[in-house]
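Report on the structure given below.
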Amino acid sequence: MSSAVITPSTSKAKAGSGRLARWFAAASPAIFLSVATLIVWELISRVFQLPEFVLPAPSSIGKIFITRQGALMQAAWVTAEEILYGFILSTLVGMLIAVAIARFERMGRAVYPLMVLFQNVPKIALAPLFILWFGYDLAPKILLIVVMAFFPVALNMLVGLQAADPNLVTLMRTVGASRTEILWRVQIPHSLPSLMSGIKIAITLSVIGAIVGEFAGASAGLGYLIQFASTQMETALVFAALIQISLLGMFFYYAVEIIESKYIYWTPKI
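For what it's worth, this note's numbering labels the leading residue of the sequence shown as 986, then goes sequentially.
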């Protein structure tokens, strides 16, 4: 009798194929709906002979997306740089604010209402001011991303810090731990899942902030490309740039998810 030998590589291959099958089963409704929408869109464009500058067919958009990929990638690199710098800075600012509010109660009572008040200011109205103050370089886009994206990071981390196990906090106090030690040993580790939720919101807001900043004033980037294509009545290029923005946003979002699953693996998954 012969028996099959199961090697680690075979087990990994089976696990990988199982994950792929589960992903496809979960994504199949969205894939079906997307394909059906594109087919209906294509038929409407062809049957009613809509002008390309009004509503281009998906096939025309796909052609532009491929043939103009060089310009799209060049613009995407500029926007990606703005997103990355703004996201990192907004995450750091949000974390520092949350830790400061949790550590110093008086500061929290003073800062938190102002933070909520500032969050209600329409950020798109700040973009022209930032362009006026800092010019058309990278700085105003990064600053706009920070003011748009820091709040969910600060709020979610603060919720996690304040929701730390009170029994552990009491235990730490009984053994003579200082407030700073309790913060670093109990509250911050407990806040990490909530923090990651805020970070995932922040990365999507960072993409929006970069595009809004480029709309307000830029000489490069996907937002600038959309405005340029609109003035030239190249609607297919506008849609191609929107697809590029969506792909860029998905890349950053799932990069954050991969980091979360690797280092904060106990976080519940949606």
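Note that the Cβ used here is the ideal one computed from N, Cα and C, for glycine as well.
For clarity, every value in this text was computed on a predicted model and none was experimentally measured.
- According to DSSP, is Q1059 helix, strand or coil? helix
- Output yes or no for whether 8 Å exceeds the beta carbon distance between E1090 and A1221. no
- Message: Does the segment 1141 to 1151 come into contact with the segment 1103 to 1115, if we say contact requires no fewer than three beta-carbon pairs (one atom in each stretch) closer than 8 Å?
- Response: no
- By Cβ distance below 8 Å, which residues in the same chain neighbour G1183 in space, the five residues on each side in sequence not counted? Answer for G1183: G1079, P1137, V1138, A1139, L1140, N1141, M1142, listed in chain order.
- Query: So, do the segment 1116 to 1123 and the segment 1164 to 1172 have three or more beta carbon pairs nearer to each other than 8 Å?
  - Reply: no
- Query: With C-beta atoms as the reference, is S1204 less than 8 Å away from I1130?
  - Reply: no
- Task: Return yes when the Cβ of F1115 is within less than 8 Å of the Cβ of L1099, no when it is not.
- Result: no
- Identify, in the order they occur along the chain, each residue of the same chain with its Cβ nearer than 7 Å to the Cβ of V1241, setting aside the five sequence neighbours on each side. Exclusion of the five residues before and after V1241 leaves I1184, K1185, I1188 as the residues of its chain whose Cβ lies within less than 7 Å of its Cβ.
- Determine, using beta carbons only, whether A1256 and L1057 come nearer to each other than 8 Å. The first residue shown for the chain is 986 and the last is 1255, placing residue 1256 beyond what the model contains.
- So is E1066 in contact with chain D if we call contact Cβ pairs under 8 Å? Among the protein chains of the structure shown there is no chain D, as only one such chain exists.
- Taking only the alpha-carbon atoms, compute the straight-line gap between I1243 and A1201 and give it to the nearest angstrom. 33 Å
- Specify, as a first and last residue, the run of the alpha helix (DSSP H) that V1160 falls within. Counting along the chain, V1160 falls outside any alpha helix (DSSP H), and DSSP gives it neither H nor E.
- Query: CB-CB under 6 Å to F1135, same chain, minus the five flanking residues each way: which ones, in chain order?
  - Reply: Only S1075, V1078, G1079 meet the Cβ criterion.
- Query: Taking the Cβ atom as the reference point for each residue, do A1060 and G1206 lie within a distance shorter than 8 Å?
  - Reply: yes
- Message: Restricting to Cα atoms, I'd like to know which of V1039, E1027, I1029, I1024 is closest to M1218.
- Response: Of the listed residues, the one whose Cα sits closest to M1218 is V1039.
- Just mark T1216 as buried or exposed, buried being the case when its beta carbon has 16 or more other beta carbons within 10 Å. exposed
- Assign T1313 to buried or exposed, taking buried as 16 or more other Cβ atoms, counted over all protein chains shown, within 10 Å of its Cβ. Shown here, the chain extends from 986 to 1255; a query on residue 1313 therefore has no answer.
- Query: What separation, rounded to the nearest whole angstrom, lies between the Cα atoms of R1158 and F1237?
  - Reply: 40 Å
- Item | Limits of the unbroken alpha helix (DSSP H) element including L1222 | 1220 to 1248
- Task: Have a look at G1194 and L1210 and give me their C-alpha separation to the nearest angstrom.
- Result: Going from the Cα of G1194 to the Cα of L1210 covers about 16 Å.
- Item | Length of the line joining the Cα atoms of V1197 and S1246 | 30 Å
- Item | Same chain, Cβ closer than 6 Å to L1153, five either side skipped, listed in chain order | In chain order, V1171 place their CB closer than 6 Å to the CB of L1153, counting only its own chain and leaving out the 5 sequence neighbours on each side.
- Would you kindly work out how many angstroms separate the C-alpha atoms of G1055 and Y1097, rounded to a whole number? Taking the straight line joining both Cα atoms gives about 45 Å.
- Task: Using a threshold of 8 Å, state whether the C-beta atoms of P1041 and E1027 are closer than that.
- Result: Taking C-beta atoms as the reference points, P1041 and E1027 fail to come closer than 8 Å.
- Quick one: what's got a C-beta closer than 8 Å to F1072's C-beta in the same chain, skipping five residues either side? Excluding residues within five positions, the ones whose Cβ falls inside 8 Å are I1130, A1134, A1187, I1188, S1191, F1237.
- Item | A1085 to A1112 span [Cα, whole Å] | 28 Å
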